[in-house]
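Undergrad: This is the structure I have questions about; it appears just below.
Number of protein chains: 2
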Amino acid sequence: MKSGPEHNNKFEISRDRDLLQPGEAPPSSENKGQAAEEGSVGLVQTQYVKFFKGEDKLRLECGESLGPIEVVYETYGRLNDQRDNAILLLHALSGDAHAAGRHKPDDTKCGWWDIMVGPGKAFDTERYFIICSNCLGGCMGTTGSSSINPATKEPYGLSFPMITISDMVEVQRRLVEHLGIEKLLAAAGGSMGGMQVLDWAIRYPDQVAAALPIATTARLSAQGIAFDAVGRNAILRDENFQEGGYYRTSRYPAGGLAVARMVGHITYLSEEAMHTKFGRRLRQSQGYRYDFENEFSVETYLDHQGSLFVDRFDANTYLYFSKAMDYFDLVRQYGCLHEAMSRTKSRFLVISFNSDWLFPPRQSQELVNALLTADKDVSYCNINCPYGHDSFLLETKVQSRLISGFLRQTHERLQSDKPGIQVSVSAESRARPETATYHWYGPGSIFTGERVDHRQIARLIEPDSTVLDLGCGDGQLLALLQKEKNIRGMGVTLGEEDIVTCAESGVSVVQYNLDNCMSIFADKSYDYVVLSQTLQVIRQVPSVLRELLRVGEQLIVSFPNFAYWRGRWQFTFKGRAPVWKNLPYTWFDKPDESVNYMSILDFEDFVREQLKARLVKRIPISSRTGRQVRLLPNFFADEVIFVIADKSDGSVRQTGC
Amino acid sequence: MKSGPEHNNKFEISRDRDLLQPGEAPPSSENKGQAAEEGSVGLVQTQYVKFFKGEDKLRLECGESLGPIEVVYETYGRLNDQRDNAILLLHALSGDAHAAGRHKPDDTKCGWWDIMVGPGKAFDTERYFIICSNCLGGCMGTTGSSSINPATKEPYGLSFPMITISDMVEVQRRLVEHLGIEKLLAAAGGSMGGMQVLDWAIRYPDQVAAALPIATTARLSAQGIAFDAVGRNAILRDENFQEGGYYRTSRYPAGGLAVARMVGHITYLSEEAMHTKFGRRLRQSQGYRYDFENEFSVETYLDHQGSLFVDRFDANTYLYFSKAMDYFDLVRQYGCLHEAMSRTKSRFLVISFNSDWLFPPRQSQELVNALLTADKDVSYCNINCPYGHDSFLLETKVQSRLISGFLRQTHERLQSDKPGIQVSVSAESRARPETATYHWYGPGSIFTGERVDHRQIARLIEPDSTVLDLGCGDGQLLALLQKEKNIRGMGVTLGEEDIVTCAESGVSVVQYNLDNCMSIFADKSYDYVVLSQTLQVIRQVPSVLRELLRVGEQLIVSFPNFAYWRGRWQFTFKGRAPVWKNLPYTWFDKPDESVNYMSILDFEDFVREQLKARLVKRIPISSRTGRQVRLLPNFFADEVIFVIADKSDGSVRQTGC
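Protein chains in written order, with my numbering: chain A, 696 to 1352; chain B, 696 to 1352.
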């Protein structure tokens, strides 16, 4: 059992180490005295500031007051003259103010999000001014239970008041104001940091242009609370815990804290990641030792993680932070998520990871659903990455491009002050047709690089309207409509690469499956719902199309005409299932998702008999000429666009809590 | 912290309580002195017996010897005269010999598997003689670390030798012999019990007719070991643990054991089950208390579970059992799973639960794969049940019927001594056509209750051959072939209800997806592979069919002919996608899985050009008459059966480790 004088409130002591004094100039991003590492912010220095002094105490959510509060923080990059490029990073349970770079040239470890923060990285320090502070209640410099209570001159211990995510945000807000920033370009963070992002966006909607809650939740599940409870139990039941008053004794609850960390660590990884990293490998010998020493590599690893944590983290802060996470519950606080999200004004980029089982993607999707229902600007990606909850600290390939594209678009909008209009569609994203769900280009198309049906659909859409594009692929159609018709668009697609392209071109998009996402959209919440070359992949056609008619004023559907003469010819006279340019797949070799084949007449029957909807317009086209086909369209058109609408008077269903 | 004289080796004391002495008659299944509960074995009594006395010590896997060993066990039902109806139940980590019934009329709790053991239940005590013993190393009566070491007259503590799953089985084997049983009808158990089942079947293949490994694995994953390590760490780091020598002191590692149990308990449940059971409910108040007491219901529950466990379980046994599970590794022991499973002779029923994340279904599937590769008789079902790993202790609806049908069939075969022939197909299972994947019955069929293509396919199959039926539905075809042609059959299907029906009618079946299960079958391991009305749902047609040709000497495929004249008529002259009796689904309303439509000519092209296989036979049929169509079959036949085979000389790929 690890215990001894080295644990005598080292957290208190660490507060005085290497800190800039108030008034001292913060270090610049450039490395001093040695060559800068590629993409690194270089040497950085922690700063501190004291708030809530004298009578000006912080009124906490639990009812108590707290002050003074010291805050430790770091900054990277430069605040621009407009002061509109500041990004606040929020750390997770075991994080601190040191997000990037090194404190000393020989530091073996960089800041906790160094892979994401630096020149040219996702949080690009050449564009943005990045701020990161240690949270209230922490043990890395900011006031917490290891701090000296000015009233008693003793460390707070468990007499430190219970703090919540909102309390953390209050302290950060004071810091942001102190730095002279009225409105943040963005607040971003994973896990507990993501909870703070949500609190920022809900309670200070005018002070956050973009919110990036990553691998987080509006409230922990029962399982999440249960794991936290085990960690707390391990600490509280440790005989050395001494009701939190261990700071000035020679005993420290090292065993309990280590066990808490070990449990935590398992939940931060995925089963797959652990399998890949450790499998059933033994630490040393070939054979079993038949004793209770650490024998499997994974045991040694966990033990090591536990020991490292005991050396750097305070058991009481573990209790306070885990409890703050358990308490965080937007549903409880606002009645429902819809109400909570209705209060926001930020653009949202929500990110989850498919292997994260502690903050599962489902929980991020609940956030996204609420944002969509509240008609907010949201993009969502569930990144395919095997590292579990820790993915947000490890994955850069997709995450960086998403964040980087999203931040740049948000910053441009902020600067142009005309949201939704000044969208630049990069030539690169236009020139990537192969990422579209359907590869359909009329060879004689007069619209180079665009799909024939896109141009036809664009003609049907009124300027300044709202458009929901289902199966939007890389967002070409929405980008076109945003640019030329000033529409407010929203896309739904499945491909990760498509989501990145959308983020880079300023198209809001969520990574949802069409078959089960429609219920989240409010009645008549869009002027147009577009289903362009996507009807083929819908599984529950009648129910989904009914939902689309509910959500949109008009529904625009395009698909290849199954009864095109070439197909009939093959089928009738050759006795073979039809295959031609627009339906190029043989029966045994078509994409998994492609299931529906229908003719113009089939669809008309369906609209009339099944949907009982109104056929507003029918545009049979020839993909060869790009023009409308007027003679025997079900025979001569290989492509068709329908516009349909509800017959009902459109009494609107209530949405909300 | 719970500690005190009540923990002074109560496990040692419990061994003397209420036990039948050797020679005393065991109680009968009938309840004495009070009305028997419906389906209950009633009042039962624990018995004990002592083995490995004197020089006859048990040689353990770790190299040490142990003896004498007392074994505590219970039995329910009666051993029949042939002594072929004995079933051994193997318990999990926290279980004991008390599997069913009550010890005293006022016992509030029944045995740990009471829902499955009793008259008319899955393990039917009116048919079978059920045995359950406390495992070696346990703390519920059988010799373990809380027992008195005869050499020192003190409790063993950590001087108790490390035991393995095989050591447990050795002791059980002595017990089974002692009860006068040469061959068990079955060995069954979940979790750690399932590991024992596997060890039984591998090391004593002639002594187990049927093996039922449930919710188990051939080896724990890194994550599984990690959770065990956390539990052990919590105990080992408890200051009251005293290196396992706490029995005769006033201190007991209650805190550590409770934390271990809490972690364990989370892993036994699923996230969904915890959400349903507790959600984020608070224990008492409406508002947060802002302290570190148990506040959420889930915390109280875990704390309670921890306390209960501390009262009934020995911390050392927790260490020994969890280590035995970590050590269990059939791959390590036998070089590969294939080699391990090749040694078995039992019929297998492998069961997993889709919400079990501690022993995930994937691990059961690895077992099943190895059994299939080794050409063993195996059935597998992944039961849809939300309760996580604990499902095997809670789910009865599917599990009971599966086990009950499987045991009855095994017992009948054992008694007839002619495996694979005496299969009774119940009238009930024949009369359930709606469970078949495809609902295709010629209305004029002369074979009442059977599919026309089944009778045609049966004619193609030689007696005494082997048949793999992919998409076998409820196993009608295989049952028919087993009965009339004495084939050895194996089915693959997805429906849970179908799996149950197969088990009840003696058809071996695994619940696998056709698209990714083929690689497990060895080259030419079946005379016939049948794809009856299943081609329509295959996703990767070319690769799957190539695999089928590899696995079977001949491949028999039946499907509806897309180019049947009724379809052509509709398509050509009405311009609508074809719909008729055999292809009854409209484009917008067909089953999710149905994706492929092909004509007789399409398939012939495919066999020739893509598969480059040999067309052995083509039987176009009319579903109306059930007869072959000779005139213009691609026009007049609505159904077709193909027999195809490899062109190659059939050089056989090696399978194995």
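Every residue, glycine too, gets a C-beta built ideally from N, C-alpha and C.
#1: Note down, in chain order, each residue of its chain lying with its Cβ closer than 6 Å to the Cβ of residue 745/A, except the 5 sequence neighbours on either side.
#2: Using a Cβ cut-off of 9 Å, pull out every chain A residue sitting near residue 857/B, in sequence order please.
#3: As a quick exercise: from 857/A, 781/A, 964/A, pick the residue whose alpha carbon is nearest that of residue 874/A.
#4: So what does DSSP say about residue 1310/A, is it helix, strand or coil?
#5: Runs of 4 residues minimum, wholly inside the segment 865-904 of chain B: which ones carry the alpha helix (DSSP H) assignment?
#6: Can you give me the C-alpha to C-alpha distance between residue 1188/B and residue 986/B, rounded to a whole angstrom?
#7: Report the neighbours of residue 1296/A on chain B: residues whose CB is nearer than 8 Å to its CB, in chain order.
#8: Which same chain residues end up closer than 6 Å to residue 933/A when comparing Cβ atoms and leaving out the 5 residues on each side of it in sequence?
#9: Buried or exposed, going by whether 16 or more other CB atoms sit within 10 Å of the CB of residue 1268/A?
#10: Could you give the DSSP three-state label for residue 827/B: helix, strand or coil?
#11: DSSP has residue 1076/B in a bridge; who is on the other side?
#12: Please decide whether residue 1212/A counts as near chain B, where near means a Cβ-Cβ distance under 8 Å.
#13: Could you check whether residue 1021/A and residue 920/A sit closer than 8 Å to each other, using their CB atoms as the reference points?
#14: Assuming contact is defined by CB atoms lying nearer than 8 Å, are residue 1248/B and residue 1340/B in contact in what I supplied?
#15: Assign residue 1280/A to one of two classes, buried (16 or more other C-beta atoms within 10 Å of its C-beta) or exposed (fewer than that).
#16: Run down chain B in chain order and give the residues with a C-beta less than 8 Å from the C-beta of residue 834/A.
#17: Alpha carbon to alpha carbon, what distance is there between residue 786/A and residue 1184/A?
#18: With C-beta atoms as the reference, is residue 743/A less than 8 Å away from residue 888/A?
#19: Could you compute how far the alpha carbon of residue 1045/B sits from the alpha carbon of residue 990/A?
#20: Evaluate contact between the segment 1320-1340 of chain B and the segment 1316-1328 of chain A, counting only Cβ atoms and requiring at least three cross-stretch pairs below 8 Å.
#21: Using 10 angstroms around the beta-carbon of residue 896/A, count the other beta-carbons present and answer buried if the total reaches 16, otherwise exposed.
#22: What is the DSSP secondary structure of residue 962/A, reduced to helix, strand or coil?
#23: Would you check if the segment 1087-1101 of chain A and the segment 807-822 of chain A touch, i.e. whether three or more CB-CB distances between them fall below 8 Å?
#24: For residue 1191/A, collect the residues of the same chain with a Cβ closer than 8 Å to its Cβ; drop the 5 residues on either side in sequence, then sort them by chain order.
#25: To the nearest angstrom, report how far apart residue 1237/B and residue 868/B are at their CA atoms.
#26: Could you check whether the Cβ of residue 957/A sits closer than 8 Å to any Cβ belonging to chain B?
#27: Distance, Cα to Cα, residue 1292/B vs residue 859/A?
#28: Using a Cβ-Cβ cut-off of 8 Å, state whether residue 1185/A counts as contacting chain B.
#29: Does the beta carbon of residue 1037/A come closer than 8 Å to any beta carbon on chain B?
#30: Rounded to whole angstroms, what is the Cα-Cα separation between residue 794/B and residue 839/A?
#31: Can we say the segment 999-1019 of chain B touches the segment 910-930 of chain B, given the rule of at least three CB pairs closer than 8 Å?
#32: Would you say residue 807/A and residue 833/A are within 8 Å of each other, going by their C-beta atoms?
#33: Which ranges does the beta strand (DSSP E) cover as unbroken runs of at least 3 residues, wholly within the segment 901-987 of chain A, from first to last along the chain?
#34: Count the CB pairs spanning the segment 939-947 of chain B and the segment 842-854 of chain B that are closer than 8 Å, and state whether there are at least three.
#35: From this set, 777/A, 739/A, 755/A, which residue's C-alpha is nearest residue 800/A's C-alpha?
#36: Go ahead and pull the three-state DSSP assignment for residue 1174/A.
TA: Looking at the coordinates:
#1: 763, 765
#2: 983, 984, 985, 986, 987
#3: 781/A
#4: strand
#5: 887-898
#6: 53 Å
#7: 1269, 1270, 1271
#8: 948, 950, 951
#9: exposed
#10: strand
#11: 1046/B
#12: no
#13: yes
#14: yes
#15: exposed
#16: Within 8 Å Cβ-Cβ: nothing; residue 834/A doesn't reach chain B, min ~17 Å.
#17: 32 Å
#18: no
#19: 30 Å
#20: no
#21: buried
#22: helix
#23: yes
#24: 1076, 1078, 1079, 1093, 1206
#25: 50 Å
#26: yes
#27: 59 Å
#28: no
#29: no
#30: 52 Å
#31: yes
#32: no
#33: 903-909
#34: yes
#35: 739/A
#36: helix
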